[in-house]
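Going left to right, the sequence shown walks through residues 180 to 455 as our numbering numbers them.
Everything on this sheet refers to the single structure shown next.
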Amino acid sequence: MIKYISLFVLITSIGACSFFDSFDETPMFVTIPQANIVDNSSQKVSDVWAFADGFSIGNFEIPETFPVLGEGQVTLNLFPGIRNNGIQSAPIQYPFFKGNEHILDFKPGETVSLDLEVEYLDNVKFSISEDFEGNHILNTDNDNDPITKFVSSTEAKFGDFCGKITLTADNNVFSQSTDFIRPTDELSNSDVFLELDYRSDVVFQVGIVGFIGNLPTFQNIILLREREEWDKLYLEIGSILSIGGFDGYQILFTSFPDTGAGSVWVDNIKVVYLEQ
Ligand SMILES: [Ca+2]
Ligand SMILES: [Ca+2]
């Protein structure tokens, strides 16, 4: 492992020429031009995590070309990565995607191009899944203003509809959560992420309403800034549900104080976990 990591550091710090001078072996190169979302669903895969014969080569922002050492055949395992909680400096392997395995004939100096295929694992489950293509489940009004609510909108990127909520000068607060209190017991041994597509011209917050019995705890987790184009958030919520000891939860959308007039659009709200 030390060998691979030091190779990567050398290449990124002093360039490929020095790298070739320093080692007897000539690597082959693997290019990952793009992530290919197998079912054309909404995903934001930014990185590939690469392993050769079980050793980590590193994680790379796509598109990228990286060297691989070996002889005979090399087993290359690639895993799709995302940025955790929308933080650029927090790349992680997303625990819900299948890995790609390639058996390569090792040919020094040659470059192989491989698309990263992105597909959910077979045991992925959705505790919540809302695409706004029919009646939606974002109707729980916690703010006592029935005017501020999510309505179906045709301004969608995926499918025909998304959800939209609008703030005006007179109606400038919202706190809306998903209908039904979802149980947490099925999530307890798994990573749990909220996936959310959003666009916004105001700052807003996303969080959970955690329930112990019927007692709600409102918890904002992340503040999302304005986005002119649709963006996607992967938000880790399993630890928050677990630490709170909640036996049920809803997903919560809240306006930020004094944010002014504007709208928030949301789509493809999924709470993802692995069936054990
Ligand atoms: Ca949709
Ligand atoms: Ca409301």
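In this text, a Cβ means the ideal position worked out from N, Cα and C, and glycines have one as well.
Close beta carbons around residue i, own chain, < 8 Å, minus the five adjacent residues each side
i, result
"Ser356", "Leu317, Thr319, Asn321, Val388, Gln429, Ile430, Leu431 and Phe432"
"Asn371", "One point to set straight first is that residue 371 is Val, not Asn, in the sequence displayed. Closer than 8 Å at Cβ, skipping near neighbours: Ser306, Glu415, Ile416, Gly417, Leu420, Val450, Val451 and Tyr452."
"Lys304", "Glu365, Val451, Tyr452, Leu453 and Glu454"
"Val224", "Ala214, Ile216, Ile241, Pro259, Gly260, Ile261, Tyr273, Phe276, Leu295 and Val297"
"Leu403", "Gly265, Tyr377, Ser379, Val382, Phe383, Gln384, Val385 and Leu412"
Other residues of its chain near residue i: CB distance less than 6 Å, five sequence neighbours each side excluded
i, result
"Phe353", "Asp322, Thr327, Ile344 and Ser434"
"Glu280", "Asn256"
"Gly439", "none"
"Pro395", "Val388"
"Glu204", "Leu248"
"Glu250", "Phe285"
"Ile448", "Glu309 and Leu375"
Rounded C-alpha distance that separates residue i from residue j
i, j, result
"Glu334", "Phe208", "42 Å"
"Ile241", "Val247", "17 Å"
"Thr244", "Ile261", "18 Å"
"Ser379", "Leu295", "30 Å"
"Ser442", "Ile401", "18 Å"
"Ser329", "Phe359", "First, the amino acid is wrong: residue 329 is Phe here, not Ser. Taking the straight line from one Cα to the other gives about 16 Å."
"Asn399", "Gln384", "6 Å"
"Phe311", "Gly338", "8 Å"
"Pro362", "Asp426", "6 Å"
"Val253", "Leu283", "5 Å"
"Gly278", "Val227", "10 Å"
Cβ-heavy atom distance, residue i to ligand 3, below 7 Å
i, result
"Asp349", "Because ligand 3 does not appear in the structure shown, any question about it cannot be addressed here, the ligands present being ligand 1 and ligand 2."
beta-carbon residue i near ligand 2 non-hydrogen atom, thresh 7 Å
i, result
"Phe353", "yes"
"Asp322", "yes"
"Pro212", "no"
"Lys304", "no"
"Lys449", "no"
"Lys223", "no"
"Lys411", "no"
"Pro456", "Any question about residue 456 goes unanswered here, given that the chain covers just 180 to 455."
"Thr327", "yes"
Closer than 7 Å: residue i CB and nearest ligand 1 heavy atom
i, result
"Phe337", "yes"
"Glu312", "yes"
"Asp446", "yes"
"Phe275", "no"
8 Å contact criterion, which residue i and residue j should meet: CB distance rounded
i, j, result
"Val456", "Glu298", "The chain is shown from 180 up to 455; residue 456 falls before or after that span and cannot be answered."
"Asp376", "Lys336", "7 Å"
"Asp410", "Cys341", "Their Cβ separation, rounded to whole angstroms, is 13 Å, which puts Asp410 and Cys341 out of contact at 8 Å."
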